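Below: one structure, written as structure tokens.
This is the structure in structure tokens:
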């Protein structure tokens, strides 16, 4: 019949239409933050090339500045041409819905971007410099007492075996150095310095620092390393013998090849329970805080603590001086005879 289509052609047309419809109805890909200015691309490249910024850091700056760029575009203002009042209006909107910490982070990204434009001669002023940071109460870091750290170490030592020896080594090294948990679990064997008295640690931005090891940490490593092979996957065709791993704390099951941050945190929680300590108080980062605070308690200078922690800015390290000050205030209040007398007089009155 003239004009009729064969069943095969109808099926083909239906199939093609279905594919087109599927594409139209398909789930959109999650959008990646887009740079809204060529100068933003240059700024992000500078962060990576000159400052050694990590991928996540670069993405965070890109997200924050791209969001600002989209908001400015609605006001017909280019990102690189924004004025102080434009930026102040944007932050006011952000402050209504966002947490002070988020607003502060976005302000930091803005300041660095416009300083970059000024240094590159793209602008003759810095519109972000007059802006005030949002007020936010910075919480003091949680810490453990020296007695609590000692209780956890004693509990770990009592376990024995390869698992116990590894846990003691992890605790002693962390408490002796204040490493970030990612730095600790990812330590290569080559991090142990030739004289065996310290670690060469690669921290944020690829920066290296030397951190000394205490005698207890050295003893813990000496006890653990002979059993390190217990945590290395067997080599193929080696009759069950341990293979090779470049890591100080290898893992048989981890995709990274070393103990994961999450597994170490789990081990600490269980250890806290066994030691009679509230597990909510314990984490790898809390032990880092304890390291810094206890050093300052015993007279260490702030600059030395800053270097060992790997802080780029000493202002970050100064938070631990507030912890020590608060503790001293409590000691004075609880134990000074004049303070006790005032409390007694108040109760009698």
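Numbering (our numbering), first residue to last: -6 to 342. From the three backbone atoms N, C-alpha and C, an ideal C-beta is built for every residue, glycine too. All of these numbers come straight from a predicted model, not from anything done at the bench.
Mapping DSSP to helix, strand and coil, what is residue 249? Reduced to three states, the DSSP call for residue 249 is coil.
Contact belief for residue 168 with residue 280 at Cβ below 8 Å, rounded distance in angstroms: Contact flag correct, Cβ pair sits at about 6 Å.
Pick out whichever of 33, 54, 282 and 35 has its Cα sitting closest to the Cα of residue 173. Out of 33, 54, 282 and 35, the CA that lies nearest to the CA of residue 173 is found in 282.
Kindly identify the DSSP beta-bridge partner or partners of residue 240. Looking at the DSSP assignment, residue 240 forms a beta bridge with 181.
What residue range does the alpha helix (DSSP H) around residue 143 cover? Segment 139 to 152, the alpha helix (DSSP H) holding residue 143.
Residue closest to residue 276, alpha-carbon to alpha-carbon, out of 36, 186 and 141: Nearest of 36, 186 and 141 to residue 276, Cα basis: 141.
Is residue 239 near residue 221, with beta carbons less than 9 Å apart? Annotated as distal: residue 239 and residue 221, with beta-carbon spacing of 9 Å or more.
With distance defined between alpha-carbon atoms, name the residue in 166, 183, 89 and 255 nearest to residue 212. Of the residues 166, 183, 89 and 255, the one whose Cα lies closest to the Cα of residue 212 is 166.
Look up residue 161 in the DSSP assignment and say whether it is helix, strand or coil. It is helical.
For residue 28 and residue 209, what's the separation of their Cα atoms in angstroms? Caution is warranted here: a pLDDT of 46 is assigned to residue 28, below 50, making its placement in the model unreliable, and the coordinate value is therefore given only provisionally. Just so you know, the alpha carbons of residue 28 and residue 209 end up roughly 50 Å apart.
If we call anything under 9 Å between Cβ atoms a contact, is residue 80 one with residue 37? In this structure, residue 80 sits away from residue 37, with a CB-CB distance that is not shorter than 9 Å.
Residue 61 and residue 83 look like a contact to me (Cβ under 8 Å); what is the Cβ gap, rounded to whole Å? Between residue 83 and residue 61 the Cβ distance is about 6 Å, and since that is below 8 Å, they are a contact.
Since residue 201 sits in a beta bridge, which residues does DSSP pair it with? Its beta-bridge partners are 195.
Length of the line joining the Cα atoms of residue 158 and residue 149: For residue 158 and residue 149, the distance between alpha carbons rounds to 8 Å.
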